[in-house]
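In full-length UniProt numbering, the protein residues as written are 1 to 153.
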């Protein structure tokens, strides 16, 4: 927390910032991005100011069409003007955890950016992180994107 406060050149103390965040975060929810209403019927339809998705959509999707549909369903939960923080991997077709191998959709960065923009999001920032070669994954790199849902309905 101190790192963020220092980067922002703020005089706020860490405990005050932590309390502020605790009062704003409503929860961590599991969703099924393949459903038109990813929260399911038990939560009803709700809209969020911020959604953070990390290393999820590319492993939940078998094709670019699946990825686009999953992204549409997830972004549909954002309020107009809401923000999406998306962390993902590019070029990864597999990854290994212990003796288990899992598949992943080997996306290219432009596909992610194009999908977000096509769905009415504004890309605010993007960071590319080159990854090292590994026998546990064929990942080419990671990205962090911050996007904003269009304010138009």
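Note that beta-carbon positions come from the ideal geometry of N, C-alpha and C, so glycine has one too. Bear in mind that the values here come from a model prediction, so they are computed numbers and not experimental data.
Residue i - partner residues in DSSP beta bridges
i, result
"residue 148", "83 and 122"
"residue 129", "142"
"residue 13", "In the DSSP output, where bridge partners are listed per residue, residue 13 has none listed."
"residue 100", "97"
Residue i classed as buried or exposed, judged by whether at least 16 other C-beta atoms fall within 10 angstroms
i, result
"residue 129", "exposed"
"residue 14", "exposed"
"residue 54", "exposed"
"residue 51", "buried"
"residue 84", "buried"
"residue 35", "exposed"
"residue 92", "buried"
"residue 30", "exposed"
"residue 3", "exposed"
is_contact[residue i, chain D] using C-beta, thresh 7 Å
i, result
"residue 52", "This model lacks chain D altogether; it includes just one protein chain."
Own chain residues within Cβ distance below 7 Å of residue i, not counting five before or after
i, result
"residue 48", "77, 78, 79 and 82"
"residue 64", "111"
"residue 117", "123"
Close Cβ partners of residue i (< 6 Å) along its chain, the five nearest in sequence each way excluded
i, result
"residue 125", "146"
Whole-Å CB distance - residue i paired with residue j, under 8 Å assumed
i, j, result
"residue 71", "residue 89", "With a Cβ gap of about 15 Å, residue 71 and residue 89 do not count as contacting."
Own chain residues within Cβ distance below 8 Å of residue i, not counting five before or after
i, result
"residue 96", "102, 135, 136 and 137"
**Segments of 3+ residues assigned as beta strand (DSSP E) that fall wholly inside the segment 20-66** = 48-54
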